[in-house]
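Undergrad:
There are 2 protein chains.
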Amino acid sequence: MRLSEKKITTALKRHGYKLTPQRRAVIGAIASSPDHLTPAALYQKVRQDHPTIGLATIYRTLEILAKLELICELHAGGSCRSYTIAAPGHHHHLICADCGEVIDFSGHYLTELEERLCRETGFEIEGHLLEFIGRCQSCQQNA
Amino acid sequence: MRLSEKKITTALKRHGYKLTPQRRAVIGAIASSPDHLTPAALYQKVRQDHPTIGLATIYRTLEILAKLELICELHAGGSCRSYTIAAPGHHHHLICADCGEVIDFSGHYLTELEERLCRETGFEIEGHLLEFIGRCQSCQQNA
DNA sequence: GCTACAAATGAAAAGAATTATCATTTATAT
DNA sequence: ATATAAATGATAATTCTTTTCATTTGTAGC
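Line order of the protein sequences matches chains A and B. Numbering-wise, the first sequence is residues 148 to 290 according to this note's numbering. Numbering-wise, the second sequence is residues 148 to 290 according to this note's numbering.
Below you can see the structure in the form of structure tokens.
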């Protein structure tokens, strides 16, 4: 079950944002698509009904919707990246949202889940990305 | 335990890549840093010892090392993003590396792990990112 | 050690993605 | 209806990454 357009517009108003035709169009386009859309793809889609909308408005609207957690962000390749030396064997990351500290932890928590996904979806799974975001102890104290 | 510089250079040669001073410098910089480094940060660091290195070489080297899985990539905010409407309650993604299809799945597989990480690291955990990468059935057939 | 040659490099340009600026328009509370 | 702050579109500016290309260099084979 996904959030309805109605709930999203209500939430926007509740947080003091104006309900403009452009925002309605962006929300409509996201809500009516089963796929994940990049900002550029969304721009194309919205322009079919709303040819004068600017790309900046798309970005601004996405920023608000993501902040309010009304839409969900997917990371898949591309630019937001940093690197560290690989550890043999699997590990995952725990990242501090304030200071950027990264703690690695290892383990095989996902094997069972991975097998189930294979069975149910027919995917051949190559890898996964597991990251926790939070706040480290010293950043908690500084806040 | 992390991969040693030695193992990385050996693996490079084994795959037919030349061992240039620039590549050594990049590998040395990554291997000697406990943190995750962005391409730009790495560039700064390498230039201390190797002032003439070009940023393109950093990118090229990172690309090779990541392809050989000698370094490990971290995604944390930033640009590589696409969006879909939020589902109430948690869900995760299964992404086809070939066609980009995304399947959402939900569940609470990580609660226990999250609690353990809290206890052991003192982090206050806000959220997480869990994505599986693989190949969907039709892309497996086309390959 | 020399040589040949493909591979790698640095510099610079090009391209892609995102954000900021600013004058104009508009949603909304009154 | 009106006033006002917020939002918009166009454009410029940034930032990040990739490409191009002439030059340099690592390495296999002698």
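In this text, a Cβ means the ideal position worked out from N, Cα and C, and glycines have one as well.
1. Quick one: residues in its chain with C-beta nearer than 6 angstroms to the C-beta of A:K192, no 5 flanking neighbours on either side, listed in chain order?
2. Just to confirm my understanding: we take B:L166, look at its own chain, exclude 5 residues before and 5 after, and list those with CB closer than 7 angstroms. What are they?
3. Pop quiz: B:H275 and A:L277 are said to be a contact at Cβ under 8 angstroms. What is the actual Cβ separation, rounded to whole angstroms?
4. With a 10 Å radius around its C-beta and 16 neighbouring C-beta atoms as the bar for buried, classify A:Y206 as buried or exposed.
5. What's the C-alpha gap between A:H183 and B:I272?
6. Name, please, each residue of chain B whose Cβ falls closer than 9 angstroms to the Cβ of A:E262.
7. Thinking C-alpha only, which one of B:I211, B:A188 and B:E262 is nearest B:L202?
8. Along chain A, in chain order, which residues have C-beta atoms closer than 9 angstroms to that of B:R282?
9. Should A:Y256 be flagged as near chain B, meaning a C-beta pair shorter than 9 angstroms?
10. Of all Cβ atoms in chain B, is any one closer than 9 angstroms to the Cβ of A:I308?
11. Check each candidate in A:I280, A:V173, A:G269 and A:R263 and name the one with the smallest Cα separation from B:G269.
12. Tell me, please, which residues DSSP counts as bridged to A:G274.
13. In chain B, which residues lie with their C-beta within 7 angstroms of the C-beta of A:Q287?
14. B:I250 versus chain A: which residues are under 7 angstroms apart at the beta carbon?
15. What are the boundary residues of the alpha helix (DSSP H) that includes B:K160?
16. Hey, is B:L159's beta-carbon within less than 9 angstroms of any beta-carbon in chain A?
17. Could you name the residues of chain A that B:L166 contacts, counting a contact when the two beta carbons are closer than 8 angstroms?
18. If you measure between the beta carbons of B:Y190 and B:I174, is that distance less than 9 angstroms?
19. Helix, strand or coil for B:L209 per DSSP?
20. Put A:I218 into one of helix, strand or coil per three-state DSSP.
21. State the Cα-Cα distance for the pair B:E267 and A:R171, rounded to the nearest angstrom.
22. Using a Cβ cut-off of 9 angstroms (strictly closer), state whether A:H197 contacts chain B.
23. Exposed or buried, which one is A:A290 when buried takes at least 16 other CB atoms within 10 Å?
24. Considering just the uninterrupted stretch of the alpha helix (DSSP H) at B:I200, what are its terminal residues?
25. Is A:E259 close to the ligand ZN? I mean its beta-carbon at under 8 angstroms from any heavy atom of the ligand.
26. Which of the three DSSP states, helix, strand or coil, is assigned to A:S285?
27. Can you grab the Cα-Cα spacing for the pair A:L264 / A:T258, in whole Å?
28. Determine the direct distance from the alpha carbon of B:L215 to that of A:Y164, and round the result to whole angstroms.
29. What first and last residue would you give for the alpha helix (DSSP H) that runs through B:L264?
TA: In terms of the structure at hand:
1. Indexing the first sequence from 1 puts residue 192 of chain A at position 45. Only A176 meet the Cβ criterion.
2. Here residue 166 of chain B refers to the residue found at position 19 of the second sequence. These residues qualify, in order along the chain: T156, L159 and K160.
3. Mapped onto the second sequence, residue 275 of chain B falls at position 128. Mapped onto the first sequence, residue 277 of chain A falls at position 130. Indeed, because the Cβ distance is near 7 angstroms, the residues count as touching under 8 angstroms.
4. Looking up residue 206 of chain A in the first sequence gives position 59. Burial call: exposed.
5. Within the first sequence, numbered from 1, the residue matching residue 183 of chain A stands at position 36. Within the second sequence, numbered from 1, the residue matching residue 272 of chain B stands at position 125. Straight-line Cα distance between these residues: approximately 26 angstroms.
6. Numbered from 1 along the first sequence, position 115 holds the residue referred to as residue 262 of chain A. Correct list: empty, because the minimum Cβ distance to chain B is about 11 angstroms.
7. Here the question's residue 202 of chain B lines up with position 55 in the second sequence. The candidate whose alpha carbon is nearest that of B:L202 is B:A188.
8. For the purposes of this step, residue 282 of chain B is taken as residue 135 along the second sequence, with counting starting at 1. Those are F270, E271, I272 and E273, listed as they occur along chain A.
9. The count along the first sequence starts at 1 and reaches residue 256 of chain A at position 109. Cβ-Cβ to chain B under 9 angstroms: yes for A:Y256.
10. There is simply no residue 308 of chain A to check, as chain A begins at 148 and stops at 290 in what is shown.
11. Taking the first residue of the second sequence as position 1, residue 269 of chain B is located at position 122. Checked all of A:I280, A:V173, A:G269 and A:R263; the closest Cα to B:G269 is A:I280.
12. Looking up residue 274 of chain A in the first sequence gives position 127. Paired residue(s): B:I280.
13. Residue 287 of chain A sits at position 140 when you count from the first residue of the first sequence. What A:Q287 touches in chain B: E271.
14. Walking along the second sequence from the start, residue 250 of chain B turns up at place 103. Ordered by position in chain A, the residues that pass the 7 angstroms Cβ test against B:I250 are T268.
15. Your numbering for residue 160 of chain B matches position 13 in the second sequence. Counting along the chain, the alpha helix (DSSP H) containing B:K160 begins and ends at E152 to R161.
16. Residue numbering aside, residue 159 of chain B sits at position 12 when the second sequence is read from its first letter. For B:L159, the answer is no, since every Cβ of chain A falls outside 9 angstroms of its Cβ.
17. Indexing the second sequence from 1 puts residue 166 of chain B at position 19. Under the 8 angstroms cutoff, chain A gives no residues; its nearest Cβ is about 17 angstroms from B:L166.
18. Translated into the one-based positions of the second sequence, residue 190 of chain B becomes position 43. Translated into the one-based positions of the second sequence, residue 174 of chain B becomes position 27. No, these two residues do not count as a Cβ contact at 9 angstroms.
19. Against the second sequence, residue 209 of chain B aligns to sequence position 62. B:L209: helix per DSSP, three-state reduction.
20. On the first sequence, residue 218 of chain A is found 71 positions in, with the first residue counted as 1. Strand.
21. Start at 1 with the first residue of the second sequence, and residue 267 of chain B comes out as number 120. Start at 1 with the first residue of the first sequence, and residue 171 of chain A comes out as number 24. Approximately 45 angstroms between the Cα atoms of the pair.
22. Here residue 197 of chain A refers to the residue found at position 50 when the first sequence is read from its first residue. With 9 angstroms as the cut-off, A:H197 does not count as an interface residue toward chain B.
23. Along the first sequence, one-based indexing puts residue 290 of chain A at 143. Result: exposed.
24. Taking the first residue of the second sequence as position 1, residue 200 of chain B is located at position 53. First-last for B:I200: undefined, no H or E at that position.
25. With respect to small molecules bound, the structure shown includes none, and the ligand ZN cannot be examined in it.
26. Your numbering for residue 285 of chain A matches position 138 in the first sequence. DSSP places A:S285 in helix when its eight states are reduced to three.
27. As a first step, residue 264 of chain A must be located in the first sequence, where it is residue number 117. As a first step, residue 258 of chain A must be located in the first sequence, where it is residue number 111. Cα-Cα distance, rounded: 10 angstroms.
28. In the first sequence, the residue the question calls residue 164 of chain A occupies position 17. In the second sequence, the residue the question calls residue 215 of chain B occupies position 68. Approximately 47 angstroms between the Cα atoms of the pair.
29. Along the second sequence, one-based indexing puts residue 264 of chain B at 117. From DSSP, the alpha helix (DSSP H) with B:L264 extends over T258 to T268.
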